Amino acid sequence: MTDRATLIIDGKEYHFPIITGSEGERGIDITRLRAQTGCVTLDPGLGNTGACTSEVTYIDGENGILRYRGIPIEQFAKGPNFIEVAWLLIFGKLPTPDEYEGFSWRLTNSAHLHEGMRHVYQAFPPNAPPMAALSAMFNVLSCYHPDIMGLEDDEVFSEAAARLISKVRTIAAYIYRFQLGLPVMYPDPDLSYCANLLHMMFSWPGKSYPIDDEVIEALNLIFILHADHEQNCSTSTVRVVGSSQANLFTSLAAGVSALWGPLHGGANVAVMDMLEGIRVGGLSIEQCVEKAKDKSDPFRLMGFGHRVYKNYDPRAKVLRNVCNRLLAKLKISDPLLDIARKLEDVALEDSYFVDRGLYPNVDFYSGIIMRALGIPTNMFTVMFAIGRLPGWIAHWREQHLRKGRIFRPRQVYTGPRETPYEAPAERSGFHEALG
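The sequence shown begins at 370 in this note's numbering and counts up one residue at a time.
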């Protein structure tokens with residue numbers, strides 16, 4: 370007999386099939402719940418609701434497991450680059466040499482933006498939030514590429530994915546340059562993906578940004594580790610918008626807006642804000658740790674623990690080693706980085722944090738690395754979006770190919786029951802309020 374769950378409502382039994390995923394995850398299929406029972410489920414935040422089946426990413430938070438298309442995240446610590454991982458997520462397998470060469474060629478030849486887009490940048494005030502500009506520019510980008518709006522053909526989709534993944538770097542770099550009033554630096558076709566981004570952000574006319582292998586490795590790994598994370602807020606947003614058959618550009622713009630929220634993509638920004646608060650407040654690391662333990666104290670250690678992972682964030686394990694090597698090589702003198710390293714050492718040795726699985730997470734280390742690379746805090750979430758783009762594209766494509774239904778959640782209404790309309794003359798105090 371097929372596994373099923375039994376629900377009893379008003380003494381009547383209803384049976385619903387249980388779906389088992391490839392890793393043993395089980396879900397109760399309630400597709401016909403409302404049709405059969407007249408009831409809906411109530412799950413604020415959707416923390417217990419599977420909105421789809423997916424083949425892209427697997428997470429086991431209790432055991433600290435993250436896999437892209439079945440490959441453990443730890444195996445990306447050395448070897449694969451961000452472009453290989455992007456292809457893997459989007460197309461379901463690692464690229465062949467010909468596929469990799471072709472995709473890389475498309476990335477190189479798609480890096481430039483239409484010159485008309487520069488006028489859009491110039492319309493933004495210098496203090497415009499970078500994530501607001503990024504979301505807007507995705508929609509602007511769709512105006513310049515109507516030839517790849519229809520994505521039924523695999524070849525056209527590959528072209529669209531390459532253009533988006535390539536151009537997002539240029540968009541990000543231009544946002545950074547325009548907010549500082551600096552001249553833009555055009556993409557260099559001889560540079561790798563990450564090196565080209567750093568070149569466009571930090572080079573000057575006649576003075577190129579020095580390419581350092583350790584720096585490129587660190588940025589490459591940050592992008593890989595952020596490339597997908599299952600049905601998080603921004604990825605779910607991309608799928609929700611895409612379910613209306615909205616185009617890929619618009620769906621990605623919506624994903625950027627969701628990522629902008631401080632409870633989502635702003636986590637590594639919160640880490641830097643916390644470190645600055647510690648520096649300004651003059652607290653010792655030991656005092657900060659004791660404040661974090663005190664439940665009555667509003668102080669919180671940002672970048673420690675994770676909603677999904679109940680022990681060590683597997684991405685943090687990978688990034689910690691790169692962080693250590695990078696800081697040792699760069700020999701940067703920065704009080705915030707010094708505070709971060711001391712805080713990490715104390716927390717990793719304190720039984721309060723160890724017993725509760727409150728280890729430094731990926732946001733802690735990515736924030737430290739990006740600061741060490743000279744990336745300003747207000748650009749951190751933009752960097753996150755660059756890394757997450759392949760995952761968003763992969764989920765949009767998966768849903769598009771499955772031709773799923775439009776997302777239309779239900780609710781349990783708790784407002785007033787039927788109420789008669791009162792004309793203005795009948796409302797108490799209406800005329801007096803108008804004077």
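The beta carbon of each residue, even a glycine, is placed where N, CA and C say it ideally should be.
For clarity, every value in this text was computed on a predicted model and none was experimentally measured.
When the options are compared against residue i, the one with the closest alpha-carbon
i	options	result
Ala531	Phe749, Leu758 and Lys711	Leu758
Leu594	Ala661, Lys381 and Asn730	Asn730
Cys692	Gly646, Glu453 and Ile591	Ile591
Asn601	Thr410, Ile399, Glu787 and Tyr427	Tyr427
Lys536	Arg438, Thr783 and Met486	Met486
Asn680	Arg436, Asn432 and Ala763	Asn432
Asn478	Val751, Ala529, Leu621 and Pro785	Ala529
Ser577	Met554, Ala587 and Pro778	Met554
Arg669	Ala636, Met748 and Ala446	Ala636
Ile775	Ser613, Pro704, Met671 and Val649	Ser613
Leu644	Met671, Gly630 and Asp597	Met671
Pro861	Pro515, Ala587 and Tyr543	This structure leaves residue 861 out entirely; the chain is present only between 370 and 804.
Val509	Lys711, Phe493, Val489 and Phe749	Val489
Ser605	Glu470, Arg676 and Trp761	Trp761
Glu312	Leu699, Lys698 and Lys686	A question about residue 312 goes unanswered here, because the residues of the chain that appear run from 370 up to 804.
Thr418	Pro778, Pro789 and Glu795	Pro778
Arg438	His598, Ala697 and Glu382	His598
Phe445	Glu524, Asp516 and Ala596	Ala596
Gly416	Leu632, Thr400, His514 and Arg676	Arg676
Asn616	His514, Lys698, Pro558 and Leu632	His514
Cβ-based neighbour list, residue i, same chain, cut-off 8 Å, excluding 5 preceding and 5 following
i	result
Gly743	Phe571
Val715	Ile654, Glu655 and Val658
Arg648	Pro704, Leu705 and Ile708
Asp398	Phe385, Pro386, Ile387 and Ile388
Neighbourhood of residue i by C-beta distance below 7 Å, restricted to the same chain and skipping five residues each side
i	result
Ala314	The structure shown does not extend to residue 314, since the chain is modelled only from 370 through 804, so no value can be given for it.
Ile534	Ala455, Leu476, Leu758 and Pro759
Val378	The sequence shown places Ile at residue 378, not Val. Taken in chain order, the residues that qualify are Thr406 and Cys408.
Ser473	Ile452
Glu484	none
Own chain residues within Cβ distance below 6 Å of residue i, not counting five before or after
i	result
Arg689	Tyr734
Phe722	Ala716
Gln491	none
Asn450	Asn589
Lys662	Tyr721
Gly611	Ser620, Trp765 and Gln768
His384	Arg373 and Thr375
Ile368	As shown, the chain starts at 370 and ends at 804. That puts residue 368 outside it, with no answer to give.
Ala781	Going by the sequence as given, residue 781 is Val instead of Ala. Excluding positions up to five away in sequence, the list reads Leu411.
Ala587	Val691, Leu695 and Ile738
Asn747	Pro499
Lys660	Asp666 and Phe668
Ile540	Met506
Lys698	Glu583
Within-9 Å CB hit, residue i to chain C
i	result
Gly396	Absence of chain C from the displayed structure is noted, only one protein chain being present.
Whole-Å CB distance - residue i paired with residue j, under 8 Å assumed
i	j	result
Ala374	Ile387	6 Å
Ala763	Leu458	4 Å
Gly634	Phe753	5 Å
Glu521	Pro683	The pair is not a contact, with the Cβ atoms about 36 Å apart (cut-off 8 Å).
Leu402	Glu583	Their Cβ separation, rounded to whole angstroms, is 54 Å, which puts Leu402 and Glu583 out of contact at 8 Å.
Gly726	Gly674	7 Å
His481	Pro413	Contact doesn't hold; Cβ gap of about 45 Å is too wide.
Arg538	Ile755	6 Å
Ser527	Phe618	That pair is no contact at about 16 Å.
Tyr728	Gly430	The Cβ separation is near 13 Å, so there is no contact.
Trp629	Thr788	38 Å between Cβ atoms; not a contact.
Practice item. Please determine if the region 544 to 560 and the region 499 to 514 are in contact, where contact requires at least 3 C-beta pairs separated by less than 8 Å. Key: yes
Check your understanding: Do the region 571 to 578 and the region 382 to 392 make contact, defined as three or more Cβ pairs closer than 8 Å?
Key -> Between the region 571 to 578 and the region 382 to 392, the count of C-beta pairs closer than 8 Å stays below three; the two stretches do not touch.
Point to revise | Contact between the region 765 to 772 and the region 415 to 428 (3+ Cβ pairs under 8 Å) | key: yes
**Study point:** Length at least 3, wholly inside the region 392 to 471: the beta strand (DSSP E) runs in chain order
**Key:** Whole beta strand (DSSP E) segments, 3+ residues: 395 to 397, 426 to 429 and 434 to 437.
Check your understanding: Taking three-plus beta-carbon pairs below 8 Å as touching, is the region 631 to 645 in contact with the region 737 to 754?
Key -> yes
Review point. Counting Cβ pairs closer than 8 Å, one from the region 616 to 633 and one from the region 460 to 467, do we hit at least three?
Key: no
Practice item. May I have a chain-ordered list of the alpha helix (DSSP H) segments no shorter than 4 residues that lie completely inside the region 525 to 598? Key: 562 to 571 and 582 to 594
Review point. Fully enclosed by the region 607 to 655, which alpha helix (DSSP H) runs are 4 residues long or longer?
Key: The DSSP assignment places 617 to 629 and 636 to 650 as complete runs of the alpha helix (DSSP H) inside the region 607 to 655, in order along the chain (cut-off: 4 residues).
Check your understanding: For the region 488 to 513, which segments carrying the alpha helix (DSSP H) assignment without a break, of at least 4 residues, lie completely within its bounds, in sequence order?
Key -> 499 to 513
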